[in-house]
Amino acid sequence: MYAQMVKSTGQGVKSLDEMDPQERAFQERINRDEKIEPKDWMPAAYRKNLIRQIGQHAHSEIVGQLPEGNWITRAPTLERKAILLAKVQDEAGHGLYLYCAAETLGVSRDELTEDLLSGKMKYSSIFNYPTLTWADMGAVGWLVDGAAIMNQVPLQRTSFGPYARAMVRICKEESFHQRQGYDIMMKMANGSDAQKRMAQDALNRFWYPSLMMFGPSDKDSVHSAQSMAWKIKMNTNDELRQKFVDQTVPQAEYLGLTVPDPDIAWNEEKGGYDFTEPDWSEFFDVIKGNGPCNVERLAARNKAWDEGRWVRDALLAHGEKRRAARVVAAE
Amino acid sequence: MDDTLFEFLLRQGDNTLVLGHRVSEWCGHAPVLEEDIALANTALDLIGQTRMWLGYAGEVEGKGRSADDLAYLRDAWDFRNLLMLERPNGDFGHTLLRQFLFDAFQVPHLKALEDSSDPRIAEIAAKSVKEATYHLERSRETVIALGDGTGESHARMQAALDLLWPYVGEMFLSDEVDTDMAQRGIAPDPASLRQTWDKTVTQALTDATLERPEGDFTHRGGKTGEMHTEHLGHMLATMQFLQRAYPGATW
Amino acid sequence: MSSVSPSPYPETDEKADKPKRHEWPLWEVFVRGQHGMSHRHVGSLHAPDAEMAILNARDVYTRRNEGVSLWVVEARHIAASSPSDKGPLYEPSESKIYRHPTFFDIPDDVGAM
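Encoded structure:
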């Protein structure tokens, strides 16, 4: 999902009998749906995996500002501009909440940021696709946020307290994001011929990348099994992908748009749609850095960080002077 | 139609429209997340104010033009914003300094407009002044911190101040529109706001260890529409692209 | 018992190895909502000093009309109870059931109480 390629470091899932008493007590707490809090004992691998997962999630929010930010200055009305700006601002807020959750595990936000900027840490593949037309603002809200919500709603119950609390806040704020996207799509789908074409084109380009957001099938992965045992991953990638397709296909029909998959068909037996898997070689290319916008996205983040350094340093220096002055005044 | 009232309202709405647009350009690119979020809040306030000012302007004009029509379907020579606001953002310090110099004008301006003889204007001002007061607090804090912070930040802020200074005078120029507004009790004479502004700015520059530039030359023409910078046309080309490329479409 | 530790967050081994970084400190944010309730912890943020922390808290945590008053405190100034003390600190109150109104049976005839 927003943390598509998190590989846990475990060797496979241990049974309770194989664990030492401390780890067993930890796992039993998770099994009882108790929250793990920052100062509680936790296995090193749990901490490490969480840092990576929450970090990737946070990075995805921040890089995710860019494709939609691309249209803020070109939004077609004052109201659309305000809505889009508020939405992209929320992404910054969500990144902020998530970095703070990661920080409770003993890593700093600046360290995580530097790992993103150097390419050491990843972010969701979806944000390496370009936004070419205004309809893409609709498609991103409808499909990308729709897919994100599928993943984030169950994560409100994740075992790590600060992560779960961040997800609660994020889900509450996100509830308007998908709706504003669909609202744009409705306007386009009911608009002029050019707008209809634009809407269909956006769906064509974002359909498979949206399916990729859930990550490759992990039903046989020991890594995923461990994450699920720890309740830092709540569903398999395939479960979420299926749920997303089942929800989205009727929404596309309502818009009068065609999902770009000729083989999509309702399967009565499984109670869901059959659909074509995305091209996973494309996914791995994007993850490796060869997506259409990887270079631009990282360059934009690096530029903001590098050009902002003097500002961060100056505000800190001023704060320290002010603090020192206060201490002197108090003495 | 009440021509001078329409003209006055365009000046208010174009100021917030153009500055809001510039500030929104920072979204996703600010030096730190907290500043990114704060700048977006400022831009959102300004866009909201624009909808009120230009919405009322359209009503006064009486030709059925909406706030969006005025924002998206006028060309550069019809814009009535201050030149300072249409200039490119420059670095973060330049953006915040421009914000501060404008906020320090806008707060007393809006406070005076709260007593406008035109109840609609008084209403818009009452809502806007709360937002502008926060903008001023934040931009002043940031300008002081950046001026005082490090050697590099001090030098950057002084350079930004020197660059912006020839544009501040335009805020206080009065013409026949202002005279008419003042006579009718609709708006204050801008020149009357200079003293308050000077006080706010001088104190902040002192705290920021910045030197107030010499000279009172001022660029002019933005608010009267006689002259704009070349930057405005490019801003409008971006901002108005969809409305121009797909005339009559609804979004 | 006893152990009061200087921060709500752990000092991990990973952190101990690294040189101290020059970063904006972490602040905890508390918001009092519209309805006269106590300030409630809503999250964290970074800020160079207390003044900016308040402004940042306003911009980050009250975008949806959440509050009318803000507190910020630098995270390192929070003293926190230790998780290992959970039993001794909190379990003794479990047996004091008479502190709860439901402990007492009052006949319905008495009316609201």
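Protein chains in written order, with our numbering: chain U, 1 to 331; chain X, 1001 to 1251; chain S, 2001 to 2113.
Beta carbons: idealized from backbone N, C-alpha and C, even for Gly.
Determine whether the beta carbon atoms of residue i and residue j lie at a separation below 7 Å.
| i | j | result |
| --- | --- | --- |
| U/Gln178 | U/Gly215 | no |
| X/Gly1013 | X/Trp1053 | yes |
| U/Ile62 | U/Gly93 | no |
| U/Ala164 | U/Gln156 | yes |
| X/Ala1067 | X/Gly1055 | yes |
| X/Ala1160 | X/Leu1242 | no |
| U/Asp353 | U/Asn237 | Residue 353 of chain U lies beyond the residue range present for chain U, which begins at 1 and ends at 331; the question has no answer from this structure. |
| S/Ala2047 | S/Trp2071 | no |
| U/Gln180 | U/Met188 | no |
| X/Ile1037 | U/Gln53 | no |
| U/His57 | U/Leu84 | no |
| X/Ala1132 | X/Gln1106 | yes |
| U/His59 | U/Leu105 | no |
| U/Phe283 | U/Met212 | yes |
| U/Ile287 | U/Tyr273 | no |
| X/Ala1145 | U/Leu315 | yes |
| S/Gly2043 | S/Gly2067 | no |
| U/Tyr46 | U/Trp230 | yes |
| X/Pro1031 | U/Gly308 | yes |
| U/Ile30 | U/Ser159 | yes |
What did DSSP end up calling residue i once you bin it into helix, strand or coil?
| i | result |
| --- | --- |
| U/His59 | helix |
| X/Asn1089 | coil |
| U/Gly271 | coil |
| U/Ile36 | strand |
| X/Gly1020 | helix |
| X/Ser1117 | coil |
| U/His318 | helix |
| X/Leu1073 | coil |
| S/Leu2026 | strand |
| U/Trp266 | strand |
| X/Val1032 | coil |
| U/Val168 | helix |
| U/Phe214 | coil |
| S/Met2001 | Confidence is the limiting factor: at S/Met2001 the pLDDT is only 43, short of 50, which leaves the residue's position unreliable, though a coordinate-based value still follows. Reduced to three states, the DSSP call for S/Met2001 is coil. |
| X/Arg1184 | coil |
| X/Arg1194 | helix |
| X/Phe1008 | helix |
| X/Phe1105 | helix |
With a CB to CB cut of under 8 Å and the five nearest residues on each side skipped, what residues in its chain are close to residue i?
| i | result |
| --- | --- |
| X/His1228 | Ala1076, Trp1077, Phe1079, Leu1083, Glu1086, Gly1221 and Gly1222 |
| U/Thr131 | Pro67, Glu68, Asn70, Trp71, Met137 and Val140 |
| X/Thr1209 | Gly1147, Asp1148 and His1154 |
| U/Val13 | Val222, Ala225, Gln226 and Ala229 |
For residue i, which residues in the same chain have their Cβ closer than 6 Å to its Cβ, ignoring the five residues on either side in sequence?
| i | result |
| --- | --- |
| S/Met2001 | No answer about S/Met2001 holds up, because its pLDDT of 43 lies below 50 and its placement is not dependable. |
| U/Asn294 | Asn128 |
| U/Val184 | The residue you asked about is not Val; residue 184 of chain U is Ile in the sequence shown. Cβ within range, chain order: Met137 and Gly138. |
| U/Asp261 | Phe275 and Thr276 |
| X/Leu1110 | Ala1125, Ser1128, Val1129 and Ala1132 |
| X/Ser1174 | Asp1189, Pro1190 and Ala1191 |
| S/Ile2078 | Pro2008 |
| X/Ala1043 | Gly1020, Val1023 and Ser1024 |
| X/His1252 | Residue 1252 of chain X lies beyond the residue range present for chain X, which begins at 1001 and ends at 1251; the question has no answer from this structure. |
| X/Arg1194 | Phe1172 |
| X/Gly1049 | The sequence shown places Gln at residue 1049 of chain X, rather than the Gly named in the question. Only Thr1016 and Ser1128 meet the Cβ criterion. |
Once the 5 residues before and after residue i are set aside, which same chain residues still bring their CB inside 7 Å of it?
| i | result |
| --- | --- |
| X/Val1177 | Thr1004, Glu1007 and Phe1008 |
| X/Ser1139 | Leu1096, Gln1099, Phe1100 and Asp1103 |
| U/Phe26 | Trp41, Met42 and Pro43 |
| U/Glu37 | Gly161 |
| X/Pro1213 | Leu1161, Asp1162 and Trp1165 |
| U/Gln242 | Gly272 |
| U/Arg109 | Tyr99 and Glu103 |
Kindly indicate the opening and closing residues of the alpha helix (DSSP H) around residue i.
| i | result |
| --- | --- |
| S/His2041 | Counting along the chain, S/His2041 falls outside any alpha helix (DSSP H), though it belongs to the beta strand (DSSP E) covering Arg2040 to His2046. |
| X/His1234 | Glu1230 to Met1239 |
| X/Arg1246 | It is worth fixing the name first, because residue 1246 of chain X is Tyr in this sequence and not Arg. X/Tyr1246 -> no alpha helix (DSSP H), and no H or E assigned at all. |
| X/Tyr1167 | Gly1151 to Val1168 |
| U/Lys243 | Asn237 to Leu255 |
| X/Gln1080 | Residue identity differs from the one stated: residue 1080 of chain X is Arg in this sequence, not Gln. Looking at the DSSP string, X/Arg1080 is not in any alpha helix (DSSP H), and its letter there is neither H nor E. |
| U/Phe283 | Trp280 to Asp285 |
Verify the CB distance criterion: does residue i have a CB-CB separation below 7 Å to chain B?
| i | result |
| --- | --- |
| U/Gly141 | Going by chain labels, chain B is absent from the structure shown, which instead holds the protein chains U, X and S. |
Query raised in the report: Which full runs of the alpha helix (DSSP H) of 4+ residues lie inside the segment 95 to 152 of chain U, going along the chain?
Result: 109 to 117 and 135 to 139
Report task. Only counting runs of 4 or more residues, tell me where the alpha helix (DSSP H) segments fall wholly within the segment 2045 to 2113 of chain S, in order along the chain. Result -> 2050 to 2061 and 2086 to 2090
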